[in-house]
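Residue numbers (my numbering): 6 to 352.
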């Protein structure tokens, strides 16, 4: 593994395409479609009038909201992707902890009957060296991990799951299509196939029920959880969009947009007021430090329902821009609408 990713504390900036290539090499993911840990962006293309209209509307809607602005940047084609340092582990809420290597994070939902882990970092080594001691530092016992929910089948999300299953007997959940994806791409490091996630499934452990919704687009089987949270006497509900970086073909982008629409409605019905992400594409790392430095102040992860809905609308507008761009590329190159430009989103 190369030094920038060895301890999760890389520095500097790389283009999204270059970052994706380096990460794929660093994690031994190979060069196949969907390989790698962060992103392989589509080739830079001219922005059409239709594209720019959607992007401009997204930027206008984001206003000065740093969370939505970070989302605009994350979904801008060919952006410069930051390589952030890893934060120390932190409890974001009474029953939610984050353990991160900077560019990818795992969330631990703490219940009175054990832990539900959302994603598991990139490898068994990171699970042993980062995740386990990180949980212990927060007073959470890793041996009580009962479930590992893998949001999608890229190895920066399931990489530590095999270690946790083998050492602690954790049950691992993934959608059937992404079990297949992970097994094809990295069979030596995928945990033994265990539990399938059904769309809308409720996962209950102790006093907590997490809802798991299929949101295909980033991968065919991406899952986005809705999680109940507590902070003292306050109760909140969080969403975690399971896979941000878009695919490249018009057909896949339409699927992604349909997932946004469906999940936006579910988030509204659930009164979601907290936004989370497994990558720092949502201003999450500055928010972690804000909370660490001022634990008695307003929790920066509590956006409120209107800002969460704005976040989803900004995502929709940026995806409409990406779709317009993909359709223009398809027309220019005379490609089938099911093909589009080469390249595969990951992360």
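Virtual Cβ for every residue (Gly too), placed ideally from N, Cα, C. Treat the numbers as computed from the prediction; the structure is a model and nothing was measured.
ask   = Hey, is the stretch 62–74 in contact with the stretch 277–295, meaning 3+ C-beta pairs nearer than 8 angstroms?
value = yes
request  = Ignoring anything shorter than 4 residues or poking outside the stretch 111–193, list the alpha helix (DSSP H) runs there in chain order.
outcome  = 137–142, 160–163, 166–173 and 181–190
query = Is any beta-carbon of chain B found at less than 7 angstroms from that of residue 295?
reply = In the structure shown, chain B cannot be found, because there is only a single protein chain.
Residue of 158, 254 and 120 minimising C-alpha distance to residue 336 = The shortest Cα separation from residue 336 among 158, 254 and 120 belongs to 254.
request  = Determine the direct distance from the alpha carbon of residue 171 to that of residue 222, and round the result to whole angstroms.
outcome  = 30 angstroms
key: At least 3 beta-carbon pairs within less than 8 angstroms: the stretch 116–124 vs the stretch 80–96   = no
task = Could you give the DSSP three-state label for residue 320: helix, strand or coil?
result = helix
ask   = residue 83 by DSSP, collapsed to three states: which one?
value = The three-state secondary structure of residue 83, taken from DSSP, is coil.
inquiry  = Within the continuous alpha helix (DSSP H) that includes residue 2, where are the two ends?
reply    = Absent from the structure is residue 2, since the part of the chain shown begins at 6 and ends at 352.
query = What separation, rounded to the nearest whole angstrom, lies between the Cα atoms of residue 338 and residue 127?
reply = 36 angstroms
ask   = Per DSSP, what kind of secondary structure is residue 104 in: helix, strand or coil?
value = Three-state DSSP puts residue 104 in a strand.
ask   = Just to confirm, are residue 97 and residue 145 a CB contact at a threshold of 7 angstroms?
value = No, these two residues do not count as a Cβ contact at 7 angstroms.
Coil, strand or helix - residue 239 by DSSP = strand
inquiry  = Pop quiz: residue 177 and residue 196 are said to be a contact at Cβ under 8 angstroms. What is the actual Cβ separation, rounded to whole angstroms?
reply    = 5 angstroms
6 angstroms Cβ shell around residue 11 - same chain, five flanking residues per side excluded = For residue 11, the predicted structure reports a pLDDT of 27, less than 50, and the residue's modelled location is therefore unreliable. The matter cannot be settled from this model.
inquiry  = Using the three-state DSSP reduction, which class does residue 330 fall into: helix, strand or coil?
reply    = helix
inquiry  = What does the alpha-carbon distance come out to for the pair residue 304 and residue 111?
reply    = 19 angstroms
key: residue 113 beta carbon less than 7 angstroms from that of residue 166   = no
ask   = Do residue 307 and residue 241 have their C-beta atoms within less than 7 angstroms of each other?
value = A contact, by the Cβ cut-off of 7 angstroms.
query = Are there 16 or more other CB atoms within 10 angstroms of the CB of residue 41, so buried, or fewer, so exposed?
reply = Residue placement at residue 41 cannot be trusted, given a pLDDT of 31 that sits under 50; the coordinates are not used to answer.
query = When the Cα atoms are used, what is the spatial distance from residue 323 to residue 287?
reply = 14 angstroms
key: Given 8 angstroms, three or more beta-carbon pairs between the stretch 185–194 and the stretch 204–223   = no
query = Of all the options 333, 332, 321 and 334, which has the alpha carbon lying nearest to the alpha carbon of residue 80?
reply = 321
From 235, 257 and 225, residue whose alpha carbon lies closest to that of residue 247 = Comparing Cα-Cα distances from residue 247 to each of 235, 257 and 225, the minimum goes to 225.
key: Opening and closing residue of the beta strand (DSSP E) in which residue 206 lies   = 206–210
query = Hey, how far is the Cα of residue 190 from the Cα of residue 264?
reply = 24 angstroms
request  = Run the CB neighbour count on residue 274, radius 10 Å, all protein chains shown included, and call it buried at 16 or more, exposed below.
outcome  = With fewer than 16 other Cβ atoms inside 10 Å of its own Cβ, residue 274 counts as exposed.
ask   = Who are the Cβ neighbours of residue 243 in its own chain at under 6 angstroms, not counting the five residues just before and after it?
value = 232, 234, 279 and 281
key: Residues of its chain near residue 200, where Cβ-Cβ distance is below 6 angstroms and the 5 sequence neighbours each way are ignored   = 176 and 178
key: Helix, strand or coil at residue 335 according to DSSP, with G and I counted as helix   = helix
message = If you reduce the DSSP assignment to three classes, tell me which class residue 307 lands in.
response = strand
ask   = At what residues does the beta strand (DSSP E) containing residue 215 begin and finish?
value = 213–219
key: residue 150 and residue 173 closer than 7 angstroms at C-beta   = yes
task = Please report the Cβ distance between residue 283 and residue 180, rounded to the nearest whole angstrom; I am assuming they are in contact, meaning their Cβ atoms lie under 8 angstroms.
result = About 15 angstroms; that fails the 8 angstroms criterion.
request  = Work out the CA separation of residue 203 and residue 182 for me, nearest whole Å.
outcome  = 11 angstroms
key: CB of residue 245 within 7 angstroms of CB of residue 228, strictly   = no
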